[in-house]
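Down below is the structure, laid out as structure tokens.
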Amino acid sequence: MKSWAGNFFEDFRVGQQIAHVPSRTLTDGDAAVYKAIYGARFDHGGIDDLLVFHTVFGMSVNDISLNAVANLGYAEGVFRRPVVPGAVLHAHSEVIGLKQNSDGRTGIVYVRTRGFDDEGKEVLGYARWVMVRKRDIDAPASETVVPALAKSVMPAALVSGSTAPVGDHFWDDYQLGEKIDHIDGTTIEEAEHAMATRLYHNTARVHFNLFTEKDGRFGKRLVYGGHVISVARALSFNGLENASRIAAINGGRHSNPVFAGDTIYAWSEVLDKAELSARDQGALRLRLVAAKNLPCGSFPDQGDSVVLDFDYWAILPRR
Amino acid sequence: MKSWAGNFFEDFRVGQQIAHVPSRTLTDGDAAVYKAIYGARFDHGGIDDLLVFHTVFGMSVNDISLNAVANLGYAEGVFRRPVVPGAVLHAHSEVIGLKQNSDGRTGIVYVRTRGFDDEGKEVLGYARWVMVRKRDIDAPASETVVPALAKSVMPAALVSGSTAPVGDHFWDDYQLGEKIDHIDGTTIEEAEHAMATRLYHNTARVHFNLFTEKDGRFGKRLVYGGHVISVARALSFNGLENASRIAAINGGRHSNPVFAGDTIYAWSEVLDKAELSARDQGALRLRLVAAKNLPCGSFPDQGDSVVLDFDYWAILPRR
Amino acid sequence: MKSWAGNFFEDFRVGQQIAHVPSRTLTDGDAAVYKAIYGARFDHGGIDDLLVFHTVFGMSVNDISLNAVANLGYAEGVFRRPVVPGAVLHAHSEVIGLKQNSDGRTGIVYVRTRGFDDEGKEVLGYARWVMVRKRDIDAPASETVVPALAKSVMPAALVSGSTAPVGDHFWDDYQLGEKIDHIDGTTIEEAEHAMATRLYHNTARVHFNLFTEKDGRFGKRLVYGGHVISVARALSFNGLENASRIAAINGGRHSNPVFAGDTIYAWSEVLDKAELSARDQGALRLRLVAAKNLPCGSFPDQGDSVVLDFDYWAILPRR
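Here it is, written out as structure tokens:
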């Protein structure tokens with residue numbers, strides 16, 4: 000059969016290497032569509048870091064997560080080189096862990112996915128784990144391998160890169176433990192999340208097919224978790240306007256599903272601060288929490304309304 | 000009167016030459032919007048062939064089909080030169096046939112439409128026929144001229160052009176009569192088809208105006224038939240991933256109307272195979288059938304759910 | 000507090016200078032998104048004048064009108080230099096007037112906003128006035144200053160710039176007092192106006208947040224007034240196809256709110272004609288009126304259906 004129904008849990012082997020095709024060229028056009036969908040105002044002088052992340056992620060979906068039940072987490076995400084308009088991105092994954100669930104119907108696949116530019120230089124690497132269905136519940140379970148993943152990326156691994164300040168708040172001005180309500184809310188439309196997700200070449204069916212999903216788990220299309228990250232990140236400009244570059248993704252959890260019609264709010268907490276070798280810049284470790292249909296003035300971090308808990312390092316200019 | 004209500008059937012004459020204005024520059028930006036709307040993953044190293052087709056078609060709508068009842072068919076479509084970002088497209092039509100319908104209220108207009116680049120070189124030519132209203136049902140009928148149109152484009156007329164393979168299935172691997180279910184379905188949103196259709200400068204009112212259409216034939220806006228072609232073509236990547244270039248359009252029929260909210264599925268059949276002078280490439284003549292709200296595992300090709308029956312030549316790499 | 004709730008009426012002072020950040024680069028990508036959202040067919044060989052206007056306007060929202068009740072008017076808008084893809088736009092506003100309303104809860108802020116290119120040359124300047132809430136109704140009122148603003152821009156201030164004619168109607172063919180029904184109507188979708196408004200970096204909440212607005216004045220999200228200008232302007236191609244460049248904005252009023260689902264129609268009236276120093280071009284002063292869910296064959300200019308009354312100078316080629 001020539002059409003592809005995706006890999007199932009029993010198809011993966013630890014150590015397996017997968018080159019994702021096709022490659023994807025990111026242009027000024029992609030950047031403009033991204034801007035229109037999210038309204039991101041961060042000034043990064045090129046392609047938004049999250050557009051790079053979603054594109055590399057999206058390229059991997061066809062091989063890794065077409066039969067996913069849920070995307071469980073990310074770790075060790077490092078943005079190594081900025082991507083400029085016109086760059087051709089290639090992506091590759093290695094299976095670094097497997098663990099069948101006790102019900103025998105699903106298992107967790109751990110992969111390390113890397114994106115490369117046309118010169119073969121890595122622009123982004125990250126680990127993720129995802130729950131994948133088995134095709135045949137009687138297929139024997141692989142030996143369990145659970146990789147040891149760092150709780151956060153070490154500051155020494157962060158790649159700095161200056162951008163001009165666009166607001167009053169510098170790295171120096173943020174305090175450990177400080178919480179910031181990003182105030183604004185934005186309502187997600189079906190056309191917006193579907194266009195974004197297609198822009199990323201992400202083909203997971205649950206985001207696109209109402210005919211199937213109306214009889215599925217939720218009765219409607221599920222919004223791609225990465226879309227929620229980008230919505231929340233765009234909102235976070237209000238209070239973090241100089242955090243123009245994401246240097247690393249330490250972790251992330253999609254706590255509850257998001258659907259078209261939901262209004263997303265967000266707040267941030269400063270988890271850590273690090274100096275960088277570039278003296279004019281510093282890194283903030285930030286927790287970005289998003290909630291649906293719930294303003295975030297009281298900084299909610301649990302309950303059915305919380306949809307995202309995302310941990311990353313951002314680069315800011317110093318005074 | 001300075002505003003334009005479009006030509007009616009009695010305004011056309013066989014042999015009439017119409018230069019369509021304005022011209023249209025296709026950029027990386029247009030390619031990105033196209034990608035976001037369809038999720039097309041074919042790697043053609045430039046502007047998607049169907050974006051070129053829709054743009055040339057769209058430029059012709061204002062002169063040819065503003066008063067159309069239905070777009071009836073296409074033939075002899077040949078993609079002669081790839082279009083690169085930045086190209087300025089010009090379009091021109093010749094009326095090649097006319098046939099008033101027996102009810103005296105409408106007639107069929109046959110045109111040959113051509114798109115040219117800034118050097119005046121033809122990038123695409125095709126014939127289409129469309130049922131157009133009369134302004135005045137008492138206007139005398141033109142003499143009937145029905146052009147002889149080829150059932151399919153001869154392989155010798157196909158322009159080859161290599162692209163790197165992105166999957167395992169080469170020209171050699173497809174068999175005559177082989178059918179491929181493209182599996183996935185995608186739901187069309189109003190904002191998506193309206194944005195696509197406007198991107199093409201297609202001004203046919205039935206796609207945009209809910210106020211009028213709520214009292215019209217369908218009670219809602221009709222999706223541009225070409226939008227359905229692009230949706231189905233994007234789905235066909237799953238099973239035809241190396242068919243990155245369309246070389247010719249042999250024919251096409253929009254069997255039933257499509258509306259926002261419909262979920263489109265598609266399947267393909269290999270109708271013919273041809274070698275090309277370029278030894279590393281071959282052509283497949285493919286039938287692409289799309290259905291609404293009906294998975295295509297049983298290859299449906301008739302009934303109310305079938306919305307498109309499209310016949311084209313694609314270029315694939317050979318082993 | 001690091002997040003920004005916007006300036007309130009009592010925060011403004013006459014003479015205050017505000018540099019808006021961040022800057023905004025307009026690319027072919029932004030032009031393509033704009034084209035897909037509006038279907039604008041005017042051929043201006045660069046970035047659409049209204050895309051420049053909305054971008055400069057949008058950059059000013061965060062500082063000027065985040066707490067606006069209503070955008071009341073524009074005047075003295077002059078497009079001084081065409082903007083080409085790749086240009087970086089900077090924006091700056093000066094407060095030129097203040098007038099507290101008698102209810103003591105709101106006041107009118109008059110600003111002159113200017114957009115500059117990367118060489119520091121002004122590309123666009125305009126005055127606008129907007130009703131802004133007070134944070135504290137007991138805050139003392141500023142001294143009232145109401146600037147004298149011209150009813151229209153003098154023809155001598157208009158910057159000409161030739162574009163190739165794309166239709167039969169030249170400057171010479173339009174008569175004073177002539178009215179043109181643009182015939183077509185287009186229905187606005189939530190995803191379209193939200194994407195457009197985000198493209199402009201316009202962060203006014205009333206356009207994006209259904210959760211809040213469902214309990215607000217209208218029970219739903221309000222469409223950005225500038226979106227309606229662009230919709231009406233795109234419709235006006237039908238009858239004004241050679242009016243490819245906007246040279247000045249004399250004034251504009253958003254007479255009634257517009258919501259997703261509304262179908263916009265438009266008509267134009269020729270208010271004035273002016274010769275330009277460039278002999279092959281002339282200027283038309285046009286009134287562009289838009290109505291919702293009401294075809295404009297009878298040229299409506301008052302009542303609940305009229306949503307826009309816009310006065311501008313366009314440049315057309317002469318015979």
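Protein chains in written order, with numbering that gives the first Met the number 0: chain E, 0 to 318; chain A, 0 to 318; chain H, 0 to 318. Note that beta-carbon positions come from the ideal geometry of N, C-alpha and C, so glycine has one too.
Three-way DSSP call (helix, strand, coil) for residue i in this model
i: N70(A); result: strand
i: V371(E); result: Not covered by the structure: residue 371(E). The range shown for chain E is 0 to 318.
i: F11(E); result: coil
i: F205(E); result: Before going further, note that residue 205(E) is Val rather than Phe in the sequence given. Correct three-state label for V205(E): helix.
i: P154(H); result: helix
Residue i: first and last residue of the uninterrupted beta strand (DSSP E) it sits in
i: L365(A); result: The structure shown does not extend to residue 365(A), since chain A spans only 0 to 318, so no value can be given for it.
i: L265(A); result: Sequence check: residue 265(A) is Ala here, not Leu. A265(A) -> beta strand (DSSP E) spans T262 to E274.
i: N249(E); result: R244 to R252
i: I107(H); result: T105 to F115
i: Y37(E); result: Counting along the chain, Y37(E) falls outside any beta strand (DSSP E), though it belongs to the alpha helix (DSSP H) covering D27 to Y37.
i: E93(H); result: A86 to Q99
i: D180(H); result: K178 to D180
i: W128(E); result: E121 to R132
Residue span of the alpha helix (DSSP H) that contains residue i, given as start and end
i: G225(E); result: G224 to L234
i: L198(A); result: E189 to L198
i: L49(A); result: D48 to I63
i: F309(E); result: Where F309(E) is concerned, there is no enclosing alpha helix (DSSP H), although the beta strand (DSSP E) it sits in stretches over V305 to P316.
i: E212(A); result: L209 to E212
Spatial neighbours of residue i in its chain, beta-carbon cut-off 6 Å, leaving aside the 5 residues before and after
i: H226(H); result: H192 and A195
i: P294(E); result: Y264
i: V165(A); result: D42 and E240
i: T143(E); result: K98
i: Q333(H); result: What is shown of chain H runs 0 to 318, which leaves residue 333(H) out entirely.
Beta-carbon spacing of residue i, residue j below 8 Å
i: I46(A); j: A69(A); result: no
i: K272(H); j: G281(H); result: yes
i: H253(H); j: G215(H); result: no
i: P81(H); j: L25(H); result: no
i: A247(A); j: L157(A); result: yes
i: Y33(H); j: L50(H); result: yes
i: I63(A); j: R104(A); result: no
i: G251(E); j: I228(E); result: yes
i: I245(E); j: V222(E); result: no
i: V122(H); j: E75(H); result: no
i: R132(E); j: N237(E); result: no
i: G124(A); j: R134(A); result: no
i: R204(E); j: G38(A); result: no
i: A313(E); j: L285(E); result: yes
Same chain, Cβ closer than 8 Å to residue i, five either side skipped, listed in chain order
i: E177(E); result: E268 and V269
i: D279(A); result: S161, P316 and R317
i: G184(E); result: L234, T262, I263, Y264 and P294
Nonlocal neighbours in the same chain, by C-beta distance under 7 Å from residue i, ignoring five residues either side
i: S117(A); result: It should be noted that the sequence gives Asp, not Ser, for residue 117(A). Closer than 7 Å at the Cβ level, and outside the excluded window around D117(A), lie A86 and V87.
- Residues of the region 217 to 231 of chain H whose Cβ lies closer than 9 Å to any Cβ of chain E, in chain order: R220
- Query: Which residues, in chain order, does the region 19 to 33 of chain E contribute to contact with chain H at a C-beta distance below 8 Å?
  - Reply: T26, D27, G28, D29, A30, A31 and V32
- Message: Can you pull out the residues from the region 175 to 197 of chain H whose beta carbon lies closer than 7 Å to at least one beta carbon of chain A?
- Response: I179, D180, H181, I182, D183, G184, T185, T186, E188, A190 and E191
- Message: Please identify, using Cβ separations under 9 Å, the residues of the region 158 to 173 of chain H that lie next to chain A, in order along the chain.
- Response: A163, P164, V165, G166, D167, H168, D172 and Y173
- Using a Cβ-Cβ cut-off of less than 7 Å, list which residues of the region 288 to 311 of chain A approach chain E; keep chain order. N292
- What residues in the region 236 to 249 of chain A bring their beta carbon closer than 7 Å to a beta carbon of chain E? N237 and G238
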